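**Q** Pasting a structure below so you can have a look.
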Amino acid sequence: MGFASIEDSLALEKEMSWEQRDVAKTLFGLLSETADKFPERPAISYQLLSGPQDKAETLNWRSLQQKTAQAANMFRALGIGPEDVVAFVLPNCNETALTILGGAVAGVVNPINPLLNVDQISSILRETNAKVVVTLKAFPKTDVGQKTAAAVAQAPNVKTVLEIDLNRYLTPPKKWLVPLLRPKNPVSHNAEVMDFTEKLSQQATTLNFEDIQKDRVAALFHTGGTTGMPKVAQHTYSGMIYNGWLGGVLSFTVDDNVICPLPLFHVFACHIILMSALHSGAHVIFPTPAGYRGEGVFDNFWKLVERWKITYIITVPTAAAALMQRPVDADISTVKNAFSGSSPLPLELFKRFEKASNVNIIEGYGLTEVTALVSCNPTDGLKKVGSVGVRLPYTTVKIVRSSAGELVECAANEIGEICVSNPGVWPGNTYTEAAKNVDLYYEDKFLRTGDLGRLDEDGYLWITGRAKDLIIRGGHNIDPAQIEEALLGHASVAFAGAIGQPDVHSGELPCVYVELVADGEVTPNELKAFCEEHVPERAAHPKYVEILDELPKTAVGKVFKPDLRKRAITRIFNAALSDAGLQASVVEVRDDKQLGMIACVSSEASDSEITAVLGGFANTWRRA
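Residue numbers for the sequence shown follow numbering that gives the first Met the number 0, beginning at 0 and rising by one.
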């Protein structure tokens, strides 16, 4: 069916309850249903290199089902039961998808971002008590295999490491060169190292154990992007299948080809796209191990769309902005829509993308803690640019605020904390650590997201800020605490407040304001260098450091970050206006009830001139 308005969600709910829906009970059940319907249709495709004529490998639905059974049998043979964990530290490849599916069928799969550092990876391996880890065999131009080996050395619970050799995706002469260029990977752990492909080939193509038809935890996804010691969220079969059902009912069909240059360790690619394909039979294409970050992907993107006859593009604002710097040099007439998530999409970027490609971008909202999806702009109806659309079927969204020590629901267009209930929310059990679930729910049912937003009179959801204070850099979550804690280790620093400053490309970049101790002597450049040495993740290194006489603080002595954000918006916007040669300046940054922080600009320049400069930022502006 189409999805034109919130009325379509209501209509589906009126048909029957979610519990009454005739959907598969397990992931292998869902995969098998689709494989039986469309055995010869393409399921997933992958190409190691980004060229439009480069070698690609496609698995049809029957083959994907059989290889998933082999992977599940392999994990069971290695001691993985329904409650045991298979972790992977991998970029994208077809084996990554097999690990996700086979790991969740045999036990519990735990995707880990390969951009994390060794300590972070080992911390997750210990927390999830992973027995098996799947990673890359040492390969030129990547250190994933080496980092994983070092992390396993700090995780004695890991008994087996399975290595995937990407060389099989290459053709001569590059294929011949890899053995000569392959870096060494001496290991110091005690886990047994095996070849993934060899071990897989030894297994039967049907399950050799019972696929018990009941709901259970099937995946553990960490939060926190590329920084901090992430929290681990629990995902059930029912939550994963619900997300697949949404995509299959509201968007994708068996005739669709979906290009997804996003990492499979993230819920966007895994639960929203891959699970939707499992429900609908759509064909998903994963270009290069690093997706959008892969060499040549942006330059070749439109030709890849033509090659695969893409109907849906999956993107994020930073990738959409990068694509606008390349000409649309291919026939992309097959494309119906582009889906964007992870961070707000600036209006001007939306307009540029639509004009250049003749493709609409549809924004949505989700988060790891609710398994994935919450809301989406209707594919076939009114799209309010800047909003994240209307709530999806069987999802309830409430906006709440604190009043006299109690949480109360907000009126239309009143800003509060976004709270969500749907089949992907597991009340009381969101995180593996019980302590992290305390006070996480409204009315014992609605997950408190930590995001601030409002529901307008038409039921469209607008994100206006983040109560949990994360810096979102290109879709990656950065915990400001790690920057602040590092700086507080400097002898001259008394207080530090890290925030995200506006950025046209990344949405936000880390910046930090510092108050020195009495008689403290240090320069901003010296503090930047200190951060580069003491903040472990490169993405969190501040791009700007400013020393203030005194940081703004609350009555209880906490750094008051809204004032710092206003200061950063003023600085960034004024610099952009000046660089554009406009006689204009931000005279004030105001808190708006509906739109969050708004820059008030004084200028004799026209609205169009100012918008041309400031329209690429997520924060809005108006005349003073």
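The beta-carbon is built from N, C-alpha and C at its ideal position, and this holds for glycine as well. Keep in mind it's a predicted model, so treat the numbers as computed, not measured.
Quick check on this structure: which residue in F138, V117, I331 and W620 has the alpha carbon closest to the alpha carbon of N184?
**A** Start at 1 with the first residue of the sequence shown, and residue 184 comes out as number 185. Selected option, being the one with the closest Cα: F138.
**Q** According to DSSP, is A42 part of a helix, a strand, or is it coil?
**A** Looking up residue 42 in the sequence shown gives position 43. In the structure shown, A42 sits in a strand (DSSP, three-state: E or B).
**Q** Give me the Cα-Cα distance between D194 and R40, rounded to the nearest whole angstrom.
**A** Sequence index remark: in the sequence shown, residue 194 carries index 195 (1-based). Sequence index remark: in the sequence shown, residue 40 carries index 41 (1-based). Going from the Cα of D194 to the Cα of R40 covers about 29 Å.
**Q** Does the Cβ of E416 have 16 or more other Cβ atoms within 10 Å, making it buried, or fewer, making it exposed?
**A** As a first step, residue 416 is located in the sequence shown; it is residue number 417 there, counting from the start. Buried is the call here.
**Q** Taking just the CA atoms, how far does S44 sit from P90?
**A** Working through the sequence shown from its first residue, we reach residue 90 at position 91. Working through the sequence shown from its first residue, we reach residue 44 at position 45. Roughly 15 Å between the two C-alpha positions.
**Q** First and last residue of the beta strand (DSSP E) that includes A337?
**A** To locate residue 337, count along the sequence shown from 1; it is residue 338. Segment N336 to S339, the beta strand (DSSP E) holding A337.
**Q** Is DSSP giving V503 helix, strand or coil here?
**A** For this step, residue 503 is matched to residue 504 along the sequence shown. Coil, per DSSP.
**Q** In or out: W175 buried (at least 16 other Cβ within 10 Å) or exposed?
**A** Position 176 of the sequence shown, counted from the start, is the residue given in the question as residue 175. Looking at its Cβ environment, which holds fewer than 16 other Cβ atoms inside 10 Å, W175 is exposed.
**Q** For E12, which three-state DSSP category applies?
**A** As a working note, residue 12 is residue 13 in the sequence shown. Note: E12 maps to helix in three-state DSSP.
**Q** Any chance the stretch 343-356 sits against the stretch 292-299, with 3 or more Cβ pairs inside 8 Å?
**A** The stretch 343-356 is not in contact with the stretch 292-299.
**Q** State the DSSP-derived secondary structure class of K140, mapped to helix, strand or coil.
**A** The count along the sequence shown starts at 1 and reaches residue 140 at position 141. Here K140 sits in coil by DSSP.
**Q** Could you check if E608 belongs to the surroundings of the ligand MG, using beta carbon to heavy atom distance under 7 Å?
**A** This structure simply doesn't include the ligand MG, nor any ligand for that matter.
**Q** Could you tell me whether the Cβ atoms of L366 and L245 are closer together than 8 Å?
**A** Taking the sequence shown and counting its residues from 1, one reaches residue 366 at position 367. Taking the sequence shown and counting its residues from 1, one reaches residue 245 at position 246. It is not a contact, given that the beta carbons lie outside the stated cut-off.
**Q** Under the assumption that P422 contacts Y393 (Cβ atoms under 8 Å), give the Cβ distance between them as a whole number of angstroms.
**A** Translated into the one-based positions of the sequence shown, residue 422 becomes position 423. Translated into the one-based positions of the sequence shown, residue 393 becomes position 394. Contact flag correct, Cβ pair sits at about 6 Å.
**Q** Buried or exposed: which applies to F2, given that a residue is buried once 16 or more other Cβ atoms fall within 10 Å of its Cβ?
**A** Numbered from its first residue, the sequence shown carries residue 2 at position 3. Counting Cβ neighbours within 10 Å, F2 comes out buried, since at least 16 surround it.
**Q** In the DSSP assignment, the alpha helix (DSSP H) including T67 goes from what residue to what residue?
**A** Mapped onto the sequence shown, residue 67 falls at position 68. Per DSSP, T67 belongs to the alpha helix (DSSP H) from W60 to A76.
**Q** Taking Cβ to Cβ, would you say A574 is nearer than 8 Å to S601?
**A** Residue numbering aside, residue 574 sits at position 575 when the sequence shown is read from its first letter. Residue numbering aside, residue 601 sits at position 602 when the sequence shown is read from its first letter. Going by C-beta atoms, A574 is not nearer than 8 Å to S601.
**Q** Under a three-way DSSP split, which group does T429 fall into?
**A** The residue given as residue 429 occupies position 430 in the sequence shown. In this structure, T429 counts as coil in the three-state DSSP scheme.
**Q** What are the boundary residues of the beta strand (DSSP E) that includes H278?
**A** On the sequence shown, residue 278 is found 279 positions in, with the first residue counted as 1. Run containing H278: none in the beta strand (DSSP E); it sits in the alpha helix (DSSP H), M274 to S279.
**Q** Once you ignore the five residues that flank D619 on each side, which residues in its own chain have a CB closer than 6 Å to its CB?
**A** Residue numbering aside, residue 619 sits at position 620 when the sequence shown is read from its first letter. It should be noted that the sequence gives Thr, not Asp, for residue 619. Within the same chain, T619 has close Cβ partners L594 and I597.
**Q** With DSSP as the reference, label L344 as helix, strand or coil.
**A** Translated into positions along the sequence shown, residue 344 becomes position 345. Three-state result, L344: coil.
**Q** Let me check understanding here. Comparing Cα to Cα, which of G464, E442, Y440 and L439 lies closest to L451?
**A** Within the sequence shown, numbered from 1, the residue matching residue 451 stands at position 452. That would be G464, whose Cα lies nearest to the Cα of L451.
**Q** Look up N476 in the DSSP assignment and give the residues it is bridged to.
**A** Translated into positions along the sequence shown, residue 476 becomes position 477. Partner(s): I471.
**Q** Per the DSSP calculation, Q233 is bridged to which residue(s)?
**A** Counted from its first residue, the sequence shown places residue 233 at position 234. Per DSSP, L219.
**Q** Name the residue from R125, D118 and S605 whose alpha carbon lies nearest to the alpha carbon of K146.
**A** By 1-based counting over the sequence shown, the position of residue 146 is 147. Nearest option by C-alpha distance: D118.
**Q** Going by beta carbon distance, what residues of the same chain come within less than 6 Å of H278, once the five residues before and after it are set aside?
**A** Along the sequence shown, read from residue 1 onward, the residue named residue 278 stands at position 279. Closer than 6 Å at the Cβ level, and outside the excluded window around H278, lie G243, W244 and G247.
**Q** List the endpoints of the continuous beta strand (DSSP E) containing D438.
**A** Taking the sequence shown and counting its residues from 1, one reaches residue 438 at position 439. Here D438 belongs to no beta strand (DSSP E), and DSSP marks it neither H nor E.
**Q** Count the other C-beta atoms from every protein chain shown that fall within 10 angstroms of the C-beta of N72, then say buried if there are 16 or more, exposed otherwise.
**A** Stepping through the sequence shown from its first residue, residue 72 is reached at position 73. Buried, because 16 or more other Cβ atoms sit within 10 Å of the Cβ of N72.
**Q** What number of angstroms, rounded off, separates the C-alpha of A281 from the C-alpha of Q324?
**A** Looking up residue 281 in the sequence shown gives position 282. Looking up residue 324 in the sequence shown gives position 325. Answer to the nearest angstrom: the Cα atoms are 29 Å apart.
**Q** Given a cut-off of 8 Å, decide if V612 and A567 are closer than it, judged by their beta-carbon atoms.
**A** Residue 567 sits at position 568 when you count from the first residue of the sequence shown. Residue 612 sits at position 613 when you count from the first residue of the sequence shown. No.
**Q** With a threshold of 8 Å, are at least 3 pairs of Cβ atoms found where one atom belongs to the stretch 119-130 and the other to the stretch 91-102?
**A** Touching, no, given that fewer than three Cβ pairs across the two stretches are closer than 8 Å.
**Q** Could you tell me which residues DSSP pairs with V384 in its beta bridges?
**A** Translated into the one-based positions of the sequence shown, residue 384 becomes position 385. Looking at the DSSP assignment, V384 forms a beta bridge with S386.
**Q** Grouping DSSP H, G and I as helix and E and B as strand, with all else coil, what is F27?
**A** Walking along the sequence shown from the start, residue 27 turns up at place 28. DSSP places F27 in helix when its eight states are reduced to three.
**Q** If V666 and L114 are in contact, beta carbons under 8 Å, what's the gap, nearest whole angstrom?
**A** No answer is possible for residue 666: the residues shown for the chain start at 0 and end at 623.
**Q** How many Å lie between F220 and L169 at the Cα?
**A** For the purposes of this step, residue 220 is taken as residue 221 along the sequence shown, with counting starting at 1. For the purposes of this step, residue 169 is taken as residue 170 along the sequence shown, with counting starting at 1. Each residue's Cα considered, the two are about 31 Å apart.
**Q** Return the bridge partner residues of S602 from the DSSP annotation.
**A** Taking the sequence shown and counting its residues from 1, one reaches residue 602 at position 603. Its beta-bridge partners are A583.
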